[in-house]
């Protein structure tokens, strides 16, 4: 269940950053639980990077 929540959160953040829903879903499914956990640990930094990148 934890993996599903992490996937959903990652997918939602990608969509907010401008990624299409289909591509965000596909990207979220390709990540392992370990990768998703790592992203969740550095989420704030990752979110800031995505925000800056999409602002360019």
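Numbering (full-length UniProt numbering), first residue to last: 1 to 56. For each residue, glycine too, the CB sits at the ideal point set by N, CA and C. All figures in this text were calculated on a predicted structure; none of them were measured in a lab.
Taking all protein chains shown into account, decide if residue i is buried (16 or more other Cβ within 10 angstroms of its Cβ) or exposed.
i          : result
residue 14 : buried
residue 24 : buried
residue 8  : exposed
If you drop the 5 nearest sequence neighbours on each side, which residues of the same chain put their C-beta closer than 7 Å to that of residue i?
i          : result
residue 18 : 54
For the ligand ATP, is there any heavy atom lying closer than 6 Å to the beta carbon of residue i?
i         : result
residue 3 : For the structure depicted, the ligand ATP is absent and the ligand set is empty, with no information on it obtainable.
Measuring CA to CA, which of the options is closest to residue i?
i          : options           : result
residue 29 : 12, 52, 49 and 48 : 12
residue 5  : 39, 20 and 22     : 39
Enumerate in chain order the residues of its own chain whose CB-to-CB distance from residue i is below 6 Å, with the five nearest sequence positions on each side excluded.
i          : result
residue 37 : none
With a threshold of 7 Å between beta carbons, is residue i in contact with chain D?
i         : result
residue 6 : Structure shown: chain D not included; a single protein chain is present.
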